[in-house]
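Structure, as structure tokens:
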Amino acid sequence: MSLYKLLSPKKFVDLVARETTRRIVPVDATWYMPNDPRDAQKEFLEGERLPNSVFFDIDAVKDKTSQYPHMVPDIKTFNEGMSKLGLKRDDILVIYDRVGNFSSPRCVWTIGPFEHPNLYLLNNYNTYKSAGYPLDTTKKTNVTDFPVSEYVADSSLAIDEVVPFENIVGLVESGDIRSKYNVVDARALDRFEGKAPEPRPIIPSGHVPGAHPLPFAQVLDPTTKAYPETPEEMLAVLNEATEKLGYKIDPKKPTIAMCGTGITGCIIKTAIEHAGLKMVRLYDGSWTEYAQRVDASKIAKNRD
């Protein structure tokens, strides 16, 4: 079950116009790959953004005890991050990124397990901008204009949303991945097949044996990077993409989404849930964790 909803730019604008009792806070979650020199926070402060936005740093609100880049935070870390931004439990949060739907699905997924009551993913910034809706281009000095708050989430559903490393290895060793699960990997096909290097040079390319590729770009509009509007359209896009890759996601089986570090895996997780499939979880450590913790015999390169 998805813990957030997709919101079209028009519905977002309509929501802003009619809501009079609660704050609507756009949350900019723009993030770039480590081999990209751009600075997302600097661009937020000096460039364009949705009006009244705050900037959520997904490199900061995470499990800081883990050696892996983007692991779901504990409650204390999450509450501290939300409080520093001045956010409140009764805020309506609308998550977006200025790439399109790249890092914002990860941000909205990070917030989702803490059961924020009104949580949306904007679908998406590029569509919003091309429609001519308002943008803020004033220079900012802070990532939020709100005073520090006391955000309190007192529980987390992460145990239900996250698949741990041990489960993945167990499935590989038993050979049960494809009989029991759909495991889909959002990385580029050449990385999945071991033909191109990973962005982090210490990590070999390849894939979890039994996993299928689902490059995240294939579930988004090639121009706007938006998800198809309806579940029916999303399912058609998903089926077309997997058919071209030589397989089909079995709706009767639970699905595990993964990628390099848990960022783009959330793009395909959102797509699969938007298409109406149930029981979709994220392998949060993803390829970065898996490839560093197993020996070469548990790394596949050829597709079967």
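Here the UniProt record's numbering is used: position 260 in the sequence shown is 260, and no number is missing along the way.
Every residue, glycine too, gets a C-beta built ideally from N, C-alpha and C.
Buried is the label assigned to Asp57, since at least 16 other Cβ atoms lie within 10 Å of its Cβ.
One Cα belongs to Pro9, the other to Leu93, and the distance between them is close to 14 Å. By the criterion of at least three beta-carbon pairs nearer than 8 Å, the region 61-72 is not in contact with the region 179-197. By a beta-carbon distance limit of 8 Å, Glu161 contacts Leu282. Their separation comes to about 6 Å.
Our two residues, Leu277 and Lys139, have alpha carbons roughly 42 Å apart in a direct line. Ranked by Cα distance from Lys88, the options Ser103, Glu150, Ile263 are led by Glu150.
Under the 8 Å Cβ criterion, the region 26-33 counts as touching the region 104-119, having at least three qualifying pairs. Assigned with DSSP and collapsed to three states, Lys253 falls in coil, not helix or strand.
Taking C-beta atoms as the reference points, Tyr227 and Ala271 count as a pair closer than 8 Å. Distance from the CA atom of Thr141 to the CA atom of Glu43, rounded to whole angstroms, is 11 Å. Counting along the chain, the unbroken alpha helix (DSSP H) around Ile272 starts and ends at 265-274. Between Val172 and Pro209, the CB-CB gap stays under 8 Å.
Gly81 and Tyr125 have their C-alpha atoms roughly 23 Å apart.
Residue pairing by DSSP places Met258 opposite Asp185 in a beta bridge. By the C-beta criterion, the region 125-135 is judged not to be in contact with the region 291-298, since fewer than 3 inter-stretch pairs fall below 8 Å. A buried status is given to Arg49, since no fewer than 16 other beta-carbon atoms sit within 10 Å of its beta-carbon. Distances from the alpha-carbon of Ile202 to those of Glu289, Asn101, Ala17 put Glu289 closest.
When Tyr68, Met71, Val54, Ala241 are compared, the shortest CA-CA separation from Ile95 is found for Val54. A contact is defined here as three or more CB-CB pairs under 8 Å, and the region 176-184 meets this definition with respect to the region 206-221. In the three-state DSSP reduction, Val143 falls in the coil class, being neither helix nor strand. For Val280 and Glu19, the gap between their C-alpha atoms comes out near 32 Å.
The alpha carbon of Gly265 has as its nearest neighbour, out of Asp154, Gly285, Lys301, Ala196, the alpha carbon of Gly285. Looking from the CA of Lys253, the closest CA among Gln218, Thr230, Ile177, Val237 belongs to Ile177. The beta carbon of Ala196 sits closer than 8 Å to those of Ala188, Asp190, Ser205, all from its chain and outside the five residues before and after it, given in chain order. Take the alpha-carbon of Thr77 and the one of Asp91: they are about 19 Å apart. Within the same chain, and ignoring the five residues on either side of Asn79 in sequence, the residues whose Cβ sits closer than 7 Å to its Cβ are Tyr151, Val152, Ala153. With fewer than 16 other CB atoms across the displayed protein chains lying within 10 angstroms of its CB, Lys244 is exposed. Contact between Leu6 and Asn123 holds, with the beta-carbon distance rounding to 5 Å and staying under 8 Å. Contact annotation, Arg200 with Pro37: C-beta distance approximately 16 Å; criterion of less than 8 Å not satisfied.
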